[in-house]
Structure formats: structure tokens, C-alpha cells
Amino acid sequence: MIRAGCLADTHCHIHSSDYPLNPSKVLTSALDSDVSQIITMGCDPADSGLAIRYALEHGQLEGLILRAGVGIYPHQAGDFCSSDIDRLQTLINANRRVIAAVGEVGLDYCYDTVSPIKQLEALEALIQLSLDNALPLSLHVRSGDYGDAFADFWALLGNFPHGVSGVVHSFTDNQVNLEQVLKHGLSIGVNGIVTFNRDPTLAEVYRTVPLDRVVLETDSPYLAPVPYRGKTNQPKYIRQIAERLAEVQGVPLAQLVEVVASNVERIFHLSTTDAKLG
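Residue numbering for the sequence shown follows the numbering used here, beginning at -10 and increasing consecutively.
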């Protein structure tokens, strides 16, 4: 049994111009599934502006807490310059009440579209932006054929001795890097992959990660969970992700939901007691 309104989708992209589902239906159905907190993440300055506008325009539903993230996705960092940080700071200054994170940001070495050097330059500036504004990070870190993104990420964090806060979104790496996540005071985002994963290494991560270091996310429109594979993902499917993770961890669903709700409040400063946006 889930206490009404206790679920949060901490990382999605439902504001994107090509997201195909009707906003009113998406948000109403989320509330009907007890998903009352949603953060939609920007991927560049312009897209971050769209995320903020979405939160402002659609965050009026009773019981809904709708927030935005501002950031630069690693594969959008090819032309990164300091003026991009200025644009994001301007967005934060003007819309602070609806901004919950600096994200989506990070490193992705699966493709060679943007050099690691440029990605690292952007990420270092974005981490500083998060610290300057006391906002958590929503981090995309993925290794691949073009390098070990986690090795570079841990090294970069050494430039910030006072530490950072936030979530390694869609964590699908190994136990070694999970331990580093925990050591650095970060949490991981668990999404629909937990419902269809067949990798025993990742299965062990899902089984052993401390629940007080987990948040749930859909990454909509991507990665719809079982039994909705092949459909456009949406926040209401957080329920299926929570149910599967509780099964994997061997804990009652209500216990998982309660712990994760506390994590969301601690990391993103979202609470089920928050009033709707005025």
C-alpha cells in the first residue's frame, strides 16, 4: 500500500518540444498514481528555459509539485562557453522557486560527438554553478568506447574539496563505482531499467544499494518499465519502478516509498507538504 502522493519522478524530460503526450493528461494521471513530485530536466540553456516554462505553466494542479532542472547535457557541450553559464544563472535568478537542480549535466564517452576535454570544461563550470546556488546536481555519467567517464568524474570532483550534492542519474555501472558514489555523498537514480535488467553486475547494485541513497526516476520519454516497454514513458510509471525495486531489495513497498520520499526531500528540498505553486 502506498500512502497517497508519496512518489516522485526526479528526472524526466516531459517538457521537451517533441514529447508526444498531452501535459494535462500526463500530470493528472501521475497524481492518480500517487506521483505528486516531478522534476523535468533541461539539456541546454534554451531547453532549460522550456523546462522552467513548463513548470510555471503546468504546476497549478492541486497536490502537484512540478519543478525544473537547468543544465547542459554532455553531448550538447561542444560549443560550450562561459556565456552559457551566464544564461543559466539568469534563468536561476529569475525563476528560483521552480528550479530544483542543475541538470542534466555530466560526461558521456559512448560517442565521439564532443571531446572529453570539452565535456569536462563544461561540467566543472556546471558543478560550480550548482555550488554557487546551493542546488543539487542531476548527473549523467556513462563510460564507453571513448574513455572511462567515471574515472574522469572522480578526478574532477577532487577540484571541489567541500564536496557536491546530488544524484548520479540512471546509474547502470558496477559495484566499484557505486561505492565511489556513496563515498562522495551522492545518491543514484533508479529507473525503468530495474524492471528489465539482465546484467548480473547491475542486479547486484540494485540489490545492495542502501535505500537511503536512492531516488526514483523515469527519464521520460525513454526507458519505459515493464509492462510498458515500447510505449512513451511518463511519470505515472514510477509506481512500477518502485514496486520492482522493493521486490529486488526484499523490503515492503511502503518502507521503500517512505525512505525514498525522505531522500527526495533531503536532496531536492521537495516535500509532500509543500503547497502548490502560486
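Note that CB positions come from ideal geometry on N, CA and C, so glycine has one too.
Measure from the alpha carbon of residue i to the alpha carbon of each residue in the options, then state which is nearest.
i: His2; options: Ala57, Pro125 and His129; result: Ala57
i: Glu232; options: Asn222, Gln244, Ala19 and Thr221; result: Gln244
i: Val157; options: Thr17, Gly92 and Val246; result: Gly92
i: Phe149; options: Leu112, Gly133 and Ser127; result: Leu112
i: Gln26; options: Ile230, Leu205, Leu242 and Pro210; result: Leu205
i: Gly181; options: Arg218, Ile88 and Leu146; result: Arg218
i: Asp21; options: Glu51, Val215 and Ser71; result: Glu51
i: Asn252; options: Arg187, Arg85, Gly174 and Leu109; result: Gly174
i: Gly67; options: Pro224, Leu53, Thr102 and Gln49; result: Thr102
i: Pro105; options: Ile74, Gln238, Ala140 and Ala83; result: Ala140
i: Arg151; options: Ala123, Gln108, Asn163 and His129; result: Note that residue 151 is His in the sequence shown here, rather than Arg. The shortest C-alpha separation from His151 is found at Ala123.
i: Tyr43; options: Ser18, Asp23 and Ser6; result: Ser6
i: Ser13; options: Gly48, Tyr135 and Pro241; result: Gly48
i: Asn163; options: Leu16, Asp188, Leu53 and Leu242; result: Asp188
i: Asp75; options: Lys107, Leu115, Leu53 and His129; result: Leu115
i: Thr161; options: Val24, Asn186, Gly147 and Trp143; result: Asn186
i: Cys32; options: Val15, His129 and Ser72; result: His129
Going by the beta-carbon positions, is the gap between residue i and residue j smaller than 8 Å?
i: Phe257; j: Thr(-1); result: yes
i: Tyr226; j: Thr197; result: no
i: Val94; j: Ile61; result: yes
i: Val87; j: Leu120; result: no
i: Asp138; j: Tyr100; result: Note that residue 138 is Ala in the sequence shown here, rather than Asp. Not in contact: Ala138 and Tyr100 (Cβ atoms no closer than 8 Å).
i: Gln223; j: Leu55; result: no
i: Val203; j: Ile177; result: yes
i: Arg155; j: Leu126; result: The residue you asked about is not Arg; residue 155 is Gly in the sequence shown. Against a cut-off of 8 Å, the Cβ pair of Leu126 and Gly155 comes out as a contact.
Between which two residues does the alpha helix (DSSP H) containing residue i stretch?
i: Ile230; result: Ile227 to Gln238
i: His47; result: Pro34 to His47
i: Asp121; result: Pro105 to Asp121
i: Asp141; result: Ala138 to Leu146
i: Ala192; result: Pro189 to Thr197
i: Asp21; result: Pro12 to Asp21
i: Val183; result: Ile182 to Phe185
i: Lys172; result: Gln164 to Lys172
How close, in whole Å, do the beta carbons of residue i and residue j come, if the pair is a contact with beta carbons under 8 Å?
i: Leu80; j: Ser37; result: 6 Å
i: Leu45; j: Val59; result: Actually they do not touch by this definition, with Cβ atoms about 13 Å apart.
i: Ala250; j: Ala(-3); result: 7 Å
i: Val194; j: Leu167; result: 5 Å
i: Thr190; j: Gln229; result: The Cβ separation is near 23 Å, so there is no contact.
i: Leu259; j: Ala89; result: 7 Å
i: His64; j: Leu39; result: About 18 Å; that fails the 8 Å criterion.
i: Leu145; j: Leu109; result: 6 Å
Which of helix, strand or coil does DSSP assign to residue i?
i: Gln26; result: strand
i: Leu77; result: helix
i: Ile61; result: coil
i: Leu205; result: strand
i: Leu55; result: strand
i: Asp7; result: coil
i: Ser251; result: helix
i: Val153; result: coil
i: Lys265; result: Confidence at Lys265 is low in this model, with a pLDDT of 40, below 50, so its placement is unreliable and the value that follows should be read with caution. Of the three classes helix, strand and coil, the one that applies to Lys265 here is coil, per DSSP.
i: Ser71; result: helix
i: Asn222; result: coil
For the beta strand (DSSP E) containing residue i, list its first residue and its last residue.
i: Thr(-1); result: Leu(-4) to Cys1
i: Leu128; result: Leu126 to Arg131
i: Leu96; result: Ile88 to Asp97
i: Val215; result: That residue, Val215, is in no beta strand (DSSP E); it is neither H nor E in DSSP.
i: Ser260; result: No beta strand (DSSP E) holds Ser260; DSSP gives it neither H nor E.
i: Gly178; result: Ser176 to Val179
Please tell me whether residue i has its Cβ less than 8 Å away from any Cβ of chain C.
i: His129; result: No chain C appears in the structure shown, which is made up of a single protein chain.
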